[in-house]
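Sequence order for the protein chains is S and X. Each residue of the first sequence is one higher than the one before, starting from 1 at the first, in my numbering. Each residue of the second sequence is one higher than the one before, starting from 744 at the first, in my numbering. One structure is given here, and the rest of the page talks about it.
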Amino acid sequence: MTTSEIKITPELIRAHGLSPEEYEKIKSILSREPNLTELGMFGVMWSEHCSYKNSKPILKLFPTQGPKLLVRAGEENAGIIDIGEGLAICFKIESHNHPSAIEPFQGAATGVGGILRDIFTMGARPVLLMNSLRFGSLEKPHNRRLFRGVVAGIAHYGNCIGVPTLGGEVYFQNCYEGNPLVNVMCLGIVNKDAIVKGKASGGGNPVYYVGATTGRDGLGGAAFASRELTEESQEDRPAVQVGDPFMEKLLLEACLELTQTDALVGMQDLGAAGLTCGTCETASRGHSGIQIDIAKVPRRETEMTPYEVMLSESQERMFIIAKRGKEKIVEDIFTKWDLHAVKIGEVKDGNEMRVFEEGRLVAEVPARALADEGPVYRREEKEPGYLKALQKLDLSKITEPKDFQEVLKKFLSHPSIASKAWVWQQYDHMVRTDTVFYPGHDAALIRIKGTQKGIAVSTDCNSLYCYLDPYEGGKIAVAEAARNVACSGAVPIGVTNCLNFANPMKPEIFWQFHRAVEGMAEACRALKIPVTGGNVSFYNESPAGAIYPTPTVGVAGLLENIENRVPSFFQNEGDLIFLLGETFEEIGGTFYLTVWHGLEQGLPPRLELDREVRLQEFILEQARASRLVSCHDLSEGGLALALAESTFNPAKSMGAICDHLDLIPAKIREDALYFGESQSRAVISVHPEDKEAVIQAAQHHKLPIYLIGKVDGNLLQIGDRIRLSVSELRSLYENAIPEKMKT
Amino acid sequence: MRAVVVVFPGSNCDTDCFHVLRDVIKTPVEFVWHKEGNFPKTDLVVLPGGFSYGDYLRTGAIARFSPAMESVRRHAAEGRPVLGICNGFQILLEAGLLPGAMLRNKTLSFVCKPVWICVEDTHTPFTQKTQRGELLQIPIAHGEGNYYCDEETLKKLKDNSQIIFRYCSEKGEVGEAFNPNGSRDHIAGIVNERRNVLGMMPHPERASEAILASEDGRKIWESVCL
């Protein structure tokens, strides 16, 4: 039976994720019934993943304008920001959660492959990778298996392709049991005049298919329909795609070589929705039509139907639109890299996308309708019933620990806090010889050779905060990522986000999504950092329940002069230690409450954006004046943990005596002082001779500043409650994860 | 002094080596594509790190058949220096230009971190500006750096002072605790009998500038680019 003979039934329509109304819209666009191939194409292009049909109205809340933006969010595969001297950065974060839950190694590896293609598609050379990973507790063997597999998969792909993976964050919380999160971020650098757009324009220009062959992998969403089609092939289909970083390395080099010629019109990777997306999106952006013959598409399996070829999500494939008459330039470059570039069609005037198979028309759809005219919905939302009760916290029932030292030790031994060296030592984090701050710092930092510039990146999200208060949690995620970047001395210039939520059809989940985005958007506006793009991942649930809302934020920052960088660790004996910012009695939603008292409740800390702005402005100003020897932000675990982490200088542990906590005037519980998570705070160390200048500058910024101690000896002393050897603490910190992973 | 860096498909430390030679050591340097059977007359050949041909068979196993390797053999046979770093070392082993083989790391996982190595012999073009016993801090980044050779080969390597670098502690102690991959006799780098072909697992190009944590790797470049 051929595709065109299959009758479109309500079951088939539903199996493609399309509603009866959406199907009516398709019929009115085509003025006829679609055939199965066309139905499949609409199904994938109008899915949430490609069309953002459920999230679009909310995503519009993000500020996406800025004077330095060269490509805005949503216009292309990734946004681009001007950084001066003819250079620009291009960055994006994406999820690969579900594939990683099924097959952690390949799921994570292909996630890395996908985000890399998003960046080099724009003509940018990928220069760093980061990730944000979340799993259930490491006490369970299944979670250890997922953790080990994901880390190895990321390492496999990134190491082979030669882009350094600079860490990121890893959390272990019960809400990710059964539904781990694997969010990967890539940043690339591009010459402003070499930016490539994903557009097909100029009637008669040839279009090429390059890279790996096309197989039946990745037809998952439409499995029902394809089973009807080719019963016997079903068993052969791998459930998860397999990544080939070597193929991607060749593609990367060849594509970037091509951007140096005058033969290129546009370029797009074939990722989600494969050839369907590649053709209709490029044609729509180029205000053109497009015509391809899928008989020419190189395949790894026989007897594939047009439906399967158009929907395949095989990895490591690119779609190239070249200039007519320059075909030889394109073909020569790909031949040099032992890649086969196949001309599969050409750009057409008009707006129609036509798919042929050996001269027979198998699909004909207006490109714009498919790419840009999908339905948009405003989903119902409702505040979750659990929230009010959960936000209540009776502090009088929370007894203060007898021994604060035990609390700190417990923090450092917890896998969410403990050193992630076990993870990032498996990543090649130095290749390209640009890595200036190794993983473990507040932000990763790379230099740009041939300039004075540096680029700092941080990924962050406290999902417990978002669960307890999505609005405040969303604000804090942006503020903290920006703060981490600022603490390294870099000016935050752009945000990308990966919005991981559960099923948006549930009003409570959609409410979380909406509130979190509102909070993030407000923080972005206050900090003047536009959103340059990202990704939405819904349906993150397992039988155990929904994940906590996890809007992972990636912030990129620019250091005009990399000599002004600020490390996160104490550096010299005798330096003075200051606490910046105000401390309140904020215990709700803290790591302390979770880990010591076993409670995930209360209102998370409040973030006052004007305080945050003043803190970051002060840090950046003092970094430029070279007065900050170190700077580390306060987050989970509060002041005590921030001080402990500051002593763990990778080159040499540095002790600290902080015996002036009494100078912090807040009349608050001691546990809140040591372990509370009030926002907009940082710990800095400065040379004694800079003391007055730093204090004056802080006062000028109306920023509270407290001299709490000095770098000294090999003990960590905090007030009169903590006095421990740094080497003991460091050993807990460094051994926690390796110990757990031995079993 | 002129140098070439051979680029295999999948090489990924090629531009790093090129950068150090050109911008740090100020040596004229060119890339040579692996398909070039006859490359320009040069003084130094560098085989850089990476995953040549994806390393899908065995590390370095396919790269040794590259046309450029013919030139590398001739160059080596003329007694001129060849420096193989990481994957370059693996290629030299597969090509038979150095004895022994690489196994997977004892941890079975990729490891990237700074390590200490001890200079065991200075009578090579690559170590002539170092001191015997000198300690260098240079990063490693590999999944297969567990150097192996049989008893007889090891004896020969020792008798001829062909072991050039050993892993050690920052104080120079040699032992299991300081060996990151389980290599035989803690070997981090060896030369051929003629002493003009060096294979080493650590990446000196990653430790040649002050901004990159260590400058110890420069001594190797400065020795060979004298």
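For glycine and all other residues, C-beta sits at the position ideal for the given N, C-alpha and C.
Any Cβ of chain S closer than 9 Å to the Cβ of tyrosine 890/X would place that residue at the interface, and such an atom is absent. Between valine 127/S and leucine 187/S the beta-carbon gap is near 6 Å, inside 8 Å, which marks them as a contact.
When DSSP states are grouped into helix, strand and coil, leucine 790/X belongs to the strand group. In the structure shown, isoleucine 954/X adopts helical secondary structure according to DSSP, grouped into three states.
Residues are counted here when their Cβ sits less than 7 Å from a Cβ of chain S; for the segment 851-868 of chain X these are Ser852, Phe853, Val854, Cys855, Lys856, given in chain order.
For valine 127/S, the enclosing beta strand (DSSP E) starts and ends at 125-135. Excluding residues up to 5 positions away in sequence, Glu600 lie with their Cβ nearer than 6 Å to the Cβ of threonine 594/S in the same chain. Spatial neighbours of arginine 72/S in its own chain (CB-CB distance under 7 Å, excluding positions within 5 residues in sequence) are listed in chain order as Thr64, Gly79.
Taking 3 residues as the shortest admissible run, the segment 14-73 of chain S contains the following complete beta strand (DSSP E) segments, listed from N- to C-terminal end: 69-71.
If you keep only unbroken beta strand (DSSP E) runs of at least 3 residues inside the segment 821-903 of chain X, you get 825-828, 844-846, 854-862, 878-885, 889-891.
In chain order, Arg614, Glu617, Phe618 place their CB closer than 7 Å to the CB of histidine 701/S, counting only its own chain and leaving out the 5 sequence neighbours on each side. Assignment of tryptophan 337/S by DSSP, reduced to helix, strand and coil, places it in the coil class.
Looking at the DSSP output, proline 492/S shares a beta bridge with Gly557/S.
At a cut-off of 9 Å, the C-beta of valine 436/S has a neighbouring C-beta in chain X. When Cβ-Cβ separations below 9 Å define contact, proline 245/S makes contact with chain X.
When Cβ pairs closer than 8 Å are counted between the two stretches, the segment 622-639 of chain S is seen to touch the segment 678-687 of chain S, the count reaching three or more. If you draw a straight line from the Cα of leucine 361/S to the Cα of methionine 310/S, it is about 13 Å long. Scanning chain S for C-beta atoms nearer than 8 Å to the C-beta of glutamate 948/X yields Thr433, reported in chain order. Spatial neighbours of isoleucine 455/S in its own chain (CB-CB distance under 6 Å, excluding positions within 5 residues in sequence) are listed in chain order as Ile446. Taking a Cβ-Cβ cut-off of 8 Å, the neighbours of aspartate 759/X in chain S comprise Val431, Arg432, Thr433, given in sequence order. In the pairwise beta carbon analysis, the segment 324-343 of chain S is classified as touching the segment 248-268 of chain S: at least three pairs are separated by under 8 Å.
Selection Arg938/X, Thr865/X, Glu936/X, Ser795/X evaluated against alanine 811/X yields Ser795/X as nearest (Cα-Cα). Excluding sequence positions up to five before and after methionine 654/S, its CB lies within less than 6 Å of the CB of Phe570, Thr647, Val711, all in the same chain and listed in chain order.
The distance from the Cβ of proline 507/S to that of glutamate 22/S is about 21 Å, inconsistent with a contact at the 8 Å cut-off. Taken in chain order, the members of the segment 881-909 of chain X whose beta-carbon sits within less than 7 Å of a beta-carbon on chain S are Pro882, Ala884.
For the segment 317-369 of chain S, the full-length alpha helix (DSSP H) segments reaching 4 residues or more read 327-336 along the chain.
Using a Cβ-Cβ cut-off of 7 Å, alanine 155/S is close to Phe853 of chain X, given in chain order. Using a CB distance below 9 Å, the part of the segment 413-432 of chain S facing chain X consists of Ala421, Trp424, Gln425, Gln426, Tyr427, Asp428, His429, Met430, Val431, Arg432, ordered along the chain. Close to asparagine 755/X, with beta-carbon spacing below 9 Å, are these residues of chain S in chain order: Asn159, Cys160, Ile161, Gly162, Val163, Lys249, Asp428, Val431, Arg432. Sixteen is the threshold: when 16 or more other Cβ atoms of the shown chains lie within 10 Å of the Cβ of phenylalanine 246/S, as they do, the residue is buried. Close CB contacts of valine 163/S within its chain, under the 6 Å cut and outside five residues either way in sequence, are with Pro126, Leu129 (chain order).
Relative to the Cα of lysine 382/S, the nearest Cα in the group Ala322/S, Gln512/S, Asp434/S belongs to Gln512/S. Per DSSP, the beta-bridge partners of cysteine 631/S are Ile684/S. In this structure serine 28/S is exposed. Its beta-carbon is surrounded by fewer than 16 other beta-carbon atoms within 10 angstroms. Here the segment 438-445 of chain S makes no contact with the segment 753-764 of chain X; the two share fewer than three CB pairs at distances below 8 Å.
Using a CB distance below 9 Å, the part of the segment 438-466 of chain S facing chain X consists of Tyr438, Arg447, Lys449, Gly450, ordered along the chain.
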